[in-house]
Amino acid sequence: MLLELQQVIVKPGQQMLLKDISWQQLENILEELGEKRAARISYSNGWLELMVPLPEHEKDKEIIGDLVKILLEELEIDFEPLGSTTLKNELMKQAVEPDACFYIKNYAAVIGKKHIDLNIIPPPDLAIEIDITSRTYFDNYEILGVPELWRYTQNGLQINLLEKGKYIEANFSPNFPNIPIIELVNEYVQQTLNVGRSQAIRAFKSWIKNNL
Numbered sequence: 001m002l003l004e005l006q007q008v009i010v011k012p013g014q015q016m017l018l019k020d021i022s023w024q025q026l027e028n029i030l031e032e033l034g035e036k037r038a039a040r041i042s043y044s045n046g047w048l049e050l051m052v053p054l055p056e057h058e059k060d061k062e063i064i065g066d067l068v069k070i071l072l073e074e075l076e077i078d079f080e081p082l083g084s085t086t087l088k089n090e091l092m093k094q095a096v097e098p099d100a101c102f103y104i105k106n107y108a109a110v111i112g113k114k115h116i117d118l119n120i121i122p123p124p125d126l127a128i129e130i131d132i133t134s135r136t137y138f139d140n141y142e143i144l145g146v147p148e149l150w151r152y153t154q155n156g157l158q159i160n161l162l163e164k165g166k167y168i169e170a171n172f173s174p175n176f177p178n179i180p181i182i183e184l185v186n187e188y189v190q191q192t193l194n195v196g197r198s199q200a201i202r203a204f205k206s207w208i209k210n211n212l
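Each residue of the sequence shown is one higher than the last, beginning at 1 in full-length UniProt numbering.
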């Protein structure tokens with residue numbers, strides 16, 4: 001007897017790996033899970049991972065996303081934040097849901113779009129993964145052609161840039177040239193833990209005012 005998806009329970013901080021999942025099955029699963037759900041998915045060539053993040057994962061995701069938005073707004077750079085939107089390419093048999101993603105150079109391509117089909121639309125300029133409680137598979141993002149991937153772990157922020165189809169670790173962000181983004185993210189995520197989000201955001205805005 002086949003299990004129904006609603007019978008599957010994945011606890012926060014845990015993953016479930018399913019094999020031999022067809023593209024149509026993936027689409028059915030996404031539809032059944034719905035938009036407002038705790039679980040996130042990663043799909044590659046028939047393998048499907050379901051993961052439910054822990055609360056600390058969500059906090060880091062929110063603060064780093066907020067820092068990016070504030071920087072882009074202060075620099076008066078047009079952008080479209082798409083959060084954990086499912087990035088899919090059926091021809092490549094790849095799908096992934098980042099913790100956050102941003103269209104910056106290609107922001108106009110996603111205005112008004114509710115679904116992101118990477119057969120038609122370019123990939124986001126920046127994707128962010130929080131690896132405090134989960135594991136990031138670079139292959140998804142490499143195959144889909146996401147040019148910049150941030151990976152935040154217990155050791156801090158790591159920037160990965162796509163070069164010749166593979167990610168190379170870098171100490172700068174092309175989306176934020178001449179800005180010490182690694183140091184800033186690490187500092188203000190830590191400040192959030194020490195003094196709370198509101199004070200950390202005010203301090204970050206003060207840094208921007210004094211340095212940009």
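Cβ atoms here follow ideal geometry from the backbone N, Cα and C, with glycine treated the same way.
>> Just to confirm my understanding: we take residue 242, look at its own chain, exclude 5 residues before and 5 after, and list those with CB closer than 6 Å. What are they?
In response: Since the first residue of the chain shown is 1 and the last is 212, residue 242 is not available in this structure.
> Pairing CB atoms from the segment 116 to 135 with CB atoms from the segment 143 to 156, are three or more of them under 8 Å?
Replying inline: yes
> Can you list, in chain order, the residues of its chain whose CB lies under 7 Å from that of Tyr103, leaving out five sequence neighbours each side?
Replying inline: Phe79, Glu80, Leu82, Ala109, Val110, Pro124, Asp125
>> So the candidates are Asp60, Ile128, Asp139; which of them puts its Cα closest to the Cα of Trp47?
In response: Asp139
> Which runs of the beta strand (DSSP E) spanning at least 3 residues fall entirely within the UniProt domain "Putative restriction endonuclease" (30 to 176), listed in chain order?
Replying inline: 40 to 44, 47 to 51, 87 to 89, 94 to 96, 100 to 103, 126 to 130, 148 to 153, 156 to 163, 166 to 170
>> So, for Tyr43: in the same chain, excluding its five sequence neighbours on each side, which residues have a beta-carbon less than 6 Å away from its beta-carbon?
In response: Leu26, Ala95
> Excluding five sequence neighbours on each side, which residues of the same chain lie with their C-beta closer than 8 Å to the C-beta of Asn211?
Replying inline: none
>> Are the CB atoms of Ile159 and Ala170 within a distance shorter than 8 Å?
In response: yes
>> So, with DSSP's three-state summary, where would you put Phe204?
In response: helix
> So Gln14 is in the alpha helix (DSSP H); what residue range does that whole segment cover?
Replying inline: No alpha helix (DSSP H) holds Gln14; DSSP gives it neither H nor E.
> Are Ile130 and Lys61 touching if we call contact CB-CB under 8 Å?
Replying inline: yes
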